[in-house]
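Protein chains in written order, with this note's numbering: chain A, 1 to 657; chain B, 658 to 814.
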C-alpha cells in the first residue's frame, strides 16, 4: 500500500551483453536508470547513432503526417478512447526487418508531397502570367513585334484611359493606334507608324507617358495562353498523380507507425547506453527499482547473462523516485494525487485516506441517481468493449465508482433526472406521486443537509489532522503530535453545537458541554501553540496568533463544505427545471415529443456541466481543505526505462502495472 | 397583479440578468484566449473547452434562482400569489447575492481561466491545475447561490 519501497540496483555485466540486457530491462519497464556519475568510468559516445535514429524517425513521422493529410484515417469516438494496438513480441523482429522498405515508402511519400507543392507553386506563377497576358489577348502579332520593312510598331501601355482616335490626333499622320484592352487607369495599345515618322512618334509617345512592353516572346499572346493552358493541365495531372500515389502509399500507415515506435525504442535504448559507465570489457548500470520487482529481474538477468547485480537501500539524502501502489478501491484516485503532487520523502501517500471521501463527495455533489446510473452504464460499457490504456482504464473506473456513489445519494434524496418520476406520472398518467426519497429531499429542508455537509466536512478535516498526528508520532515527535492536534479537535468539537444552534434547535446541555470543551481547547492552543519560542511573551502572543489562525482557518474550511449542498441542489433543481420546460405544451402528443427532445438535450447538457462541477469541486475539497492539514508533496515520479511507444503496445509490457 | 409580485419578478429578472451577463463575458474572455491556442494546436480543443465552460456556471445559478422565484410565487403554474410589498421585496433581495456575486465572480473566473489557457498552451500536462485555480473563484458564487436559495426558500408566501 501507498508508496512502494524503492531499492537501488547496481548491475555489472559484460559489454557484449549490454544491448540485450538493456532491451530486457526496457521490456520489463521496472528500472529507472541513473546517469553515471563516476568519472573513472568513461561514458560511451553514441550521439551519432541517436541522431541517425532521430532523423529516420523524423522522416517516418513526417510521412505519417502527410498520409493523414491526404488520406485521413476515419476516427470515431470509440477510437479516441481506445488504446494502442497490441502486438505479440515475436512480431517485433519480423516487422523490424521491413525498416528499409518502410523508410523508402516514407521518403517517397515526402517526395510526392514535394512534387505536389512544386506543381502548385509553378501553377501559381503561370496563373499570374496568364492574368497579365489576358490583357493582350486581342493582339494578333508576336509580342516582340517591332515592325515590317516599311513600318515601325509600338506595343505598350499608357497609365490613363484613352481611345485610338484621340491618340491618333496627337501622333504624326501616318500612324494608327489600336486599343487592345483598357481599364479606368490603364490603356494597352498597339501603334503602327511609317518608318519615316517613327522617331517623331516615339518622342510624342514618351511625352504621353507611354511605356513600351518589354517582351522577347516571338509568339502572339493567344498562342502563349494556349501553351500555358496545356502546361497548367499537365501540372494538375502530375500533382493529382502524386496525390494518388500518397493515398496508395498511405495504405502502409500501420507499418510506418510501427517503424516510428521501433525507432523510438532503439533511440531510448541508445540514450540509456550513453548514461552508463564502461570499462574495457564491462559496463555498469545503476538505477532505482521497486523492492517487489528486484527478485524476478535479478534471477532473470543472472540466469541469462554473465552479470552481477547488487540491490542496496538508497542513501538518506537521495531523491528517490516515487511509485504509488494502492488497493483496487483507492487506485483509480491516484491520478488525483498525481495531479496535485506526488508525495515527497516525508509524506505518506494520501490516496488511501482520500479515496473514500472522494467518491462520497463526488456523489453528493452530483446527487442524481439517473445521472449516476448513466455514468455507471457508460463507463462499464466502455471498460468492457474497448481496448483501453491503463491510465484511461483507471480514470473510467474512478468515474464508475463516483457514479455508484451518485446513485446512492440520488436514491437517498429521491432525485432521478430531477423529478422525472413525478413529472411523468402527473403529466401523462394524471397521478400525483409524492417524494420518492429514501431519506429526504434537500430542496425541502436545505438546512438539514447543510448541517450534514458541515458534519461530513468536520469528519474529513479530522481525518486529515489524524494523518498529521500519525506522521508526527511515527517521526518520534510524540508531544508535538498530541499538542498540534488535540486542542484543535477540542475547539472544533466544542464550537460545533454552538454553531449548529444558529440553524436548528440544539439541546442546551449539549451547548453547555460544547462551550466547556471549546474553552479547554482554546486555552490549550494559547498555552501550547507558541512553545517553540523561549521568551514567555513571544510564547503567549504566538499562542494567540495561532488561535486566530485556527479559528479563521477552520471556520472557512468547514463553511467551504457547503458546496456539497449547493452543487447537489443545483443539479437536482436544474434537472427539474428541464422537466418543467419539457412538459409545457398542452397537447399530449406534442408534449410527448417535446418531453423526449428537450429531456435528452437538456439532461445531457446538465449532466455534462454538473459532472465537470462535481469533479472540480471534489478535487478542490481534497487539495485545499484536506491536503493542507498534512500533505506537502513534491516527489519525483518513478520513470522507468520502458517501451515508450505511441502506436504499438507489446503484450508483455504490462509487468509493471 | 400586486406591487409585491412585480418586485418578485424584478428579482427573478435580476438574478438571470446579472449572472448571465457575467457568465457571457467570462466565457467570451476565455473563448478568445482559447481560440488563439486552438489556432496553433487544434488538438488542445477539448482541454481549453473545459476551461471555457467554467465561468458559465454562474449564469446557470442565476437561471436557477429565477426559476425558484417564479415557482414559489406561482407565476409558472398560472395562479400568481398575492404578494405584499414586503414579501416581494424579500424575493428581490434574495435574488441579489447570486445576481451581483455571479456577475463579478464570473468576470474574475473568466480572467483566471483565460490565464489557465496559457498553462494549457505551454504545459498541457498541467492543464488541470489551471482548472483548479479557476474553480477557486467559483466558491464565492456557490456561497452566494446557497444564500439566495436559503432566503428565497424561507419567505412565507
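Even for Gly, the Cβ is constructed at its ideal location relative to N, Cα and C.
What is the residue span of the beta strand (DSSP E) that residue 470 of chain A lies within?
First-last for residue 470 of chain A: 446 to 474, but that is the alpha helix (DSSP H), not the beta strand (DSSP E).
Any C-beta of chain A sitting closer than 8 Å to the C-beta of residue 718 of chain B?
With 8 Å as the cut-off, residue 718 of chain B counts as an interface residue toward chain A.
Is residue 181 of chain A helix, strand or coil by DSSP?
In this structure, residue 181 of chain A counts as strand in the three-state DSSP scheme.
Run through the segment 191 to 241 of chain A for me and flag every whole alpha helix (DSSP H) of 4 or more residues, listed as ranges in chain order.
Within the segment 191 to 241 of chain A, the complete alpha helix (DSSP H) runs of at least 4 residues are 198 to 207.
Thinking C-alpha only, which one of B/765, B/807, B/801 is nearest residue 683 of chain B?
Cα-wise, what sits closest to residue 683 of chain B is B/765.
In chain order, what residues of the same chain have a beta carbon less than 7 Å from the beta carbon of residue 285 of chain A, not counting five sequence neighbours either side?
Cβ within range, chain order: 11, 33, 276.
So with CB distances below 7 Å, who are the chain B contacts of residue 57 of chain A?
Near residue 57 of chain A there are no residues of chain B at all, since even the closest Cβ is about 20 Å away, more than 7 Å.
By Cβ distance, which residues of its chain are closer than 8 Å to residue 639 of chain A, with the 5 residues on each side in sequence left out?
Result list for residue 639 of chain A: 32, 321, in chain order.
Pull up the distance between the alpha-carbon of residue 377 of chain A and that of residue 383 of chain A, whole angstroms please.
So the two alpha carbons sit approximately 10 Å from each other.
Could you give the DSSP three-state label for residue 665 of chain B: helix, strand or coil?
If DSSP states are grouped into helix, strand and coil, residue 665 of chain B belongs with the helices.
Measure the CB-CB distance between residue 776 of chain B and residue 783 of chain B and report whether it falls below 8 Å.
Their beta carbons are under 8 Å apart, which means residue 776 of chain B touches residue 783 of chain B by this criterion.
Comparing C-alpha positions only, which one of A/583, A/606, A/587 sits nearest to residue 596 of chain A?
Among A/583, A/606, A/587, the Cα nearest to that of residue 596 of chain A is on A/583.
With 16 other CB atoms within 10 Å as the buried threshold, where does residue 198 of chain A fall?
Under this definition residue 198 of chain A is a buried residue.
Determine the closest residue to residue 395 of chain A out of A/448, A/330, A/342, A/443, with distance taken between C-alpha atoms.
When only C-alpha atoms are compared, the closest one is A/330.
Compute the Euclidean distance between the alpha carbons of residue 354 of chain A and residue 429 of chain A, then round it to the nearest angstrom.
Roughly 45 Å separates the two Cα atoms.
With H, G and I counted as helix, E and B as strand and the rest as coil, what does DSSP make of residue 660 of chain B?
Note: residue 660 of chain B maps to helix in three-state DSSP.
Tell me the rounded alpha-carbon separation between residue 201 of chain A and residue 172 of chain A.
Taking the straight line from one Cα to the other gives about 6 Å.
Would you kindly work out how many angstroms separate the C-alpha atoms of residue 311 of chain A and residue 298 of chain A, rounded to a whole number?
Approximately 9 Å, taken between the alpha carbons.
Are there three or more Cβ pairs, one per stretch, closer than 8 Å when the segment 554 to 571 of chain A is compared with the segment 445 to 453 of chain A?
Flag = yes, the segment 554 to 571 of chain A and the segment 445 to 453 of chain A touch.
Of all the CB atoms in chain A, is at least one closer than 8 Å to the CB of residue 687 of chain B?
Residue 687 of chain B does not count as touching chain A.
For residue 809 of chain B, decide whether its Cβ has a neighbour in chain A, counting only Cβ atoms nearer than 8 Å.
No, because no Cβ of chain A sits closer than 8 Å to the Cβ of residue 809 of chain B.
Between residue 84 of chain A and chain B, is there a C-beta pair that is closer than 8 Å?
Output row for residue 84 of chain A: interface = no.
Give a yes or no on whether the C-beta atoms belonging to residue 26 of chain A and residue 265 of chain A are separated by under 8 Å.
In contact: residue 26 of chain A and residue 265 of chain A (Cβ atoms closer than 8 Å).
Determine whether the beta carbon atoms of residue 260 of chain A and residue 563 of chain A lie at a separation below 8 Å.
No, they are not a contact pair.
At 9 Å on the CB atoms, spell out the chain A contacts of residue 724 of chain B, in chain order.
What residue 724 of chain B touches in chain A: 573, 574, 576, 577, 580.
Can you check whether the CB of residue 155 of chain A is closer than 8 Å to the CB of residue 109 of chain A?
No, the Cβ-Cβ distance between residue 109 of chain A and residue 155 of chain A is not below 8 Å.
Would you mind giving the Cβ-Cβ distance between residue 272 of chain A and residue 22 of chain A, rounded to the nearest angstrom? I have them listed as a contact below 8 Å.
Right, their Cβ atoms sit about 5 Å apart.
What residue ranges within the segment 250 to 275 of chain A form continuous alpha helix (DSSP H) runs of no fewer than 4 residues, ordered along the chain?
Listed in chain order, they are 253 to 274.
What are the partner residues of residue 283 of chain A, as DSSP defines its beta bridges?
The partner list for residue 283 of chain A (beta bridge, DSSP) reads A/13, A/278.
Closer than 7 Å by beta-carbon distance: list the chain A residues that pair up with residue 788 of chain B, in chain order.
Per Cβ cutoff of 7 Å: 616.
Per DSSP, what kind of secondary structure is residue 310 of chain A in: helix, strand or coil?
Reduced to three states, the DSSP call for residue 310 of chain A is strand.
Within 8 Å (strictly less), CB to CB, does residue 785 of chain B reach chain A?
Interface residue, yes.
If you run the structure through DSSP and keep just helix, strand and coil, what is residue 345 of chain A?
Of the three classes helix, strand and coil, the one that applies to residue 345 of chain A here is coil, per DSSP.
Hey, quick one: how far does the alpha helix (DSSP H) through residue 605 of chain A stretch, first residue to last?
First-last of the alpha helix (DSSP H) with residue 605 of chain A: 588 to 620.
Please identify, using Cβ separations under 9 Å, the residues of the segment 402 to 428 of chain A that lie next to chain B, in order along the chain.
Listed by position, the residues of the segment 402 to 428 of chain A near chain B (Cβ gap below 9 Å) amount to none.
What are the start and end residues of the alpha helix (DSSP H) that includes residue 165 of chain A?
164 to 170 is the extent of the alpha helix (DSSP H) around residue 165 of chain A.
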